[in-house]
Amino acid sequence: VLSMGNPHAVQIVPDVMRAPVATEGPLIEAHPRFPQRVNAGYMQVVDRTHIRLRVYERGAGETLACGTGACAAVVAGITRGLLDQRVTVSTRGGDLVIVWAGAGQPVLMTGPAVTVFDGEIELQDSQSIKTTNDKSKE
Numbered sequence: 067v068l069s070m071g072n073p074h075a076v077q078i079v080p081d082v083m084r085a086p087v088a089t090e091g092p093l094i095e096a097h098p099r100f101p102q103r104v105n106a107g108y109m110q111v112v113d114r115t116h117i118r119l120r121v122y123e124r125g126a127g128e129t130l131a132c133g134t135g136a137c138a139a140v141v142a143g144i145t146r147g148l149l150d151q152r153v154t155v156s157t158r159g160g161d162l163v164i165v166w167a168g169a170g171q172p173v174l175m176t177g178p179a180v181t182v183f184d185g186e187i188e189l190q191d192s193q194s195i196k197t198t199n200d201k202s203k204e
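Residue numbers (my numbering): 67 to 204.
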């Protein structure tokens, strides 16, 4: 289990497409050992520079991609001696490149920024939207 600001339980599987994400993911997420719940990651090591990943995110279910999950999986793989410092992570939503030079170093993530939706939303009364820390009214 690793934290990237949120907890990730990463396990290695032989074939990520056959991983029990839908059935086992919710059980791991809600396991009593994780009182704040945990993200469940399933990592297939393709080679030392490439993994495939699926993540069951706490409170959301399986997602097409998870940046913190990709970072956690690569750190877990490097720590176990399975991966090099620069790794391509393939998710159902696309590829990310994760770089980590080891303990005490930042984890760097790069990937494309892609518009997946474009639309508009109309608010009935924008004046009714308030913040809890509105210092201007003090």
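All C-beta atoms in this analysis are idealised placements derived from N, C-alpha and C, irrespective of residue type, glycine included. Fair warning: this is a prediction, and the values are worked out from it, not measured in the lab.
Check	Outcome
Compute every distance between the C-beta of Arg158 and the non-hydrogen atoms of the ligand MN, then say whether any falls below 7 Å.	Looking for the ligand MN in the displayed structure turns up nothing, as the structure carries no ligands at all.
Can you give the Cα-Cα distance for Pro101 and Val182, rounded to whole angstroms?	34 Å
Quick test of your reading: His74 and Val104, contact by CB under 8 Å. State the CB separation rounded to the nearest angstrom.	7 Å
Just the C-alpha distance for Gly177 and Pro92, rounded to the nearest angstrom, thanks.	28 Å
Taking the C-alpha atoms as reference points, what is the distance between Pro205 and Asp184?	The shown model of the chain, from 67 to 204, leaves out residue 205, and the question about it has no answer.
Taking the alpha helix (DSSP H) that Gly91 belongs to, which residues open and close that run?	Val87 to Glu95
When you compare each of Glu188, Ile117 and Thr89 to Ala142 by their alpha carbons, which one comes out closest?	Ile117
Could you give the C-beta distance for Ile94 and Cys137, rounded to a whole number, given that I count them as a contact under 8 Å?	No, Ile94 and Cys137 are not in contact; Cβ-Cβ is about 18 Å, not under 8 Å.
Could you give the distance in angstroms between the alpha-carbon of Met83 and the alpha-carbon of Glu188?	40 Å
From the DSSP secondary-structure annotation, give me the bridge partner or partners of Val141.	DSSP lists no partner for Val141.
Give every residue of the same chain whose Cβ lies closer than 8 Å to the Cβ of Val173, excluding the five residues on either side of it in the sequence, and list them in chain order.	Met70, Cys137, Val140, Val141, Ile164, Val165 and Trp166
In the DSSP output, which residue or residues are listed as bridge partners for Gly107?	Val76 and Val121
Grab the span of the beta strand (DSSP E) containing Val182 for me, first residue to last.	From DSSP, Val182 is part of no beta strand (DSSP E); its letter is neither H nor E.
Grab me the residues of Ala85's own chain with a C-beta within less than 7 Å of its C-beta, minus the 5 sequence neighbours each way, in chain order.	Val79, Tyr108 and Arg120
According to DSSP, Thr134 sits in a beta bridge with which residue or residues?	Answer by DSSP bridge pairing: none, since Thr134 is not bridged.
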